[in-house]
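Input: a single structure, listed below in structure tokens.
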Amino acid sequence: MQNQRIGEVLAGRLRILELLGEGAMSAVFLVEDLHLPGARWAVKEFLESSVPERDRDMALCLFQREGEIQASLSHPGLPRVLWRFSQPGGRHYLVMERVHGVPLERLLHGRLRPLLPHEALPICLQATHVLEYLHQHDPPVVFRDLKPSNLMVSPLGWVRFIDFGIARYHHSPSVKDTQELGTPGFCAPEQYHGQSTLQSDLYSLGVTLFFTLTLQDPQSFGFKFPKISQFQPVPPVLEETLERCLQLRPQDRQPSATVLRRELETALYCLPPVSSGSTRALEGALYELSQHVERVPRNHSAPLWRFWKEWLLRTFNLDRLWSGVSGAPPQP
């Protein structure tokens, strides 16, 4: 149905090129901007008619809040919302920066095996940096739906969050959520009682890391996760960090995304160096890293940049390679 809309022009300037994704209440299109030749955006469309009338006001409120929250954020791990508009017939739109890459969920299914710790930790560490930013925002933002399908991984390994559909501002712990929302298996136990907290996101990230290392359906464990070492060898510090993330009570988890990030960094540094027969494949990533730091706010990029540089050098023994990164990108 939505594919039949290819070529349609929205707001007199956005021509639909492709359907990127579709849900029960919304669809996301790739569009070209007729006012800015060469510019392409992602447009999320919400149709009031797709929702039962009794739920329409709540669904519209969530969509509007999604746009409001994303428009207030500025971080390299988050897509920018450029503008919002509505059209007759109950159609509402968010125009966003297009995110290149594939969802982590699809990446895992395509590999047909779990990730190894040295593959999974850099992905989840990037996610902790985004959570730090969200949780330290004023007011703090709870993402509430952190899972592999909402983490986009670029060809160079950059991770970006997508789908702020149920994100909300976090206020007093006494203020409950308006609805019990989240993805079964990945959302924290307290979300089933309509009470998400900042620690709810830490739980979901812990489940995501567990899933990347095992490919086991988290719903099958009923909130009682086995030790990760039953599936593959990991440093004790990583096992302890995951166990803490997956505690039933929010107060028993890490107190903040910053603490979780530091624990995961420690676990990553405890991994033995790995040999790689495809070292040259990292040259492009290293070059992109060196350029990326110049394009994002210093306070967001510098700590992350130093960490990745040190880890890549240590893990893949790339000291020689690094000396040549400041030049042109490597040729295939």
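Start counting the sequence shown at 8; every next residue gets the next number (our numbering). Here a beta-carbon is modelled for each residue, glycine too, at the ideal position from N, C-alpha and C.
The residue from 95, 32, 238, 105 with its alpha-carbon nearest to that of residue 25 is 105. Rounded to whole angstroms, residue 49 and residue 118 show a C-alpha spacing of 27 Å. With a 10 Å radius around the Cβ and a threshold of 16 neighbouring Cβ atoms, residue 213 comes out buried. Where residue 99 is concerned, the enclosing beta strand (DSSP E) starts and stops at 98-104. Apart from the 5 residues on each side of it in sequence, residue 249 sits with its Cβ closer than 7 Å to the Cβ of 213, 216, 217, 235 in its chain, given in chain order. The alpha-carbon of residue 91 is positioned some 10 Å away from that of residue 52. Counting other Cβ atoms within 10 Å of its Cβ, residue 95 stays below 16 and is therefore classed as exposed. Between residue 275 and residue 266, the alpha-carbon positions lie close to 14 Å from each other. In the DSSP annotation of this structure, the continuous segment of the alpha helix (DSSP H) that includes residue 65 starts and ends at 63-78. Taking a contact as a CB-CB distance under 8 Å, the pair residue 251 and residue 261 counts as one, their CB atoms being some 6 Å apart. Residue 143 sits exposed, since fewer than 16 C-beta atoms from the chains shown fall within 10 Å of its C-beta. Residue 32 is bridged by DSSP to nothing; it lacks a bridge partner. Residue 22 and residue 35 do not touch by the CB rule: their CB atoms are close to 15 Å apart, not below 8 Å.
Distances from the CA of residue 209 to each of 264, 272, 255 were compared; the closest alpha carbon is that of 264. Taking C-beta atoms as the reference points, residue 177 and residue 147 count as a pair closer than 8 Å. Judged by DSSP secondary structure, residue 158 falls within the beta strand (DSSP E) whose first and last residues are 158-160. Residue 46 is positioned such that its CB atom lies closer than 8 Å to that of residue 40. Between the alpha carbons of residue 122 and residue 271 lies a gap of roughly 16 Å.
Non-local C-beta neighbours of residue 246 in its own chain, meaning closer than 8 Å and more than five positions away in sequence, comprise 234, 235, 236, ordered along the chain.
Of the residues 140, 238, 165, 254, the one whose Cα lies closest to the Cα of residue 193 is 254. Between residue 189 and residue 69, the gap from beta carbon to beta carbon reaches 8 Å or more. Distance from the CA atom of residue 111 to the CA atom of residue 153, rounded to whole angstroms, is 11 Å. Relative to the Cα of residue 55, the nearest Cα in the group 155, 44, 88, 99 belongs to 99. In this structure, the CA atom of residue 114 is about 10 Å from the CA atom of residue 161. Each residue's CA atom was taken as its position, placing residue 165 and residue 268 some 16 Å apart. Taking a 10 Å sphere around the C-beta of residue 11, we find fewer than 16 other C-beta atoms and assign the residue as exposed. Straight through space, the alpha carbons of residue 280 and residue 64 are spaced by roughly 54 Å. Annotation for residue 94: the continuous beta strand (DSSP E) segment containing it runs 88-94.
Within the same chain, Cβ atoms closer than 7 Å to the Cβ of residue 137 are found at 82, 84, 85, 168, the five residues on either side in sequence being excluded.
Among the bridge pairs identified by DSSP, residue 149 is matched with 175.
Between residue 103 and residue 120, the gap from beta carbon to beta carbon reaches 8 Å or more.
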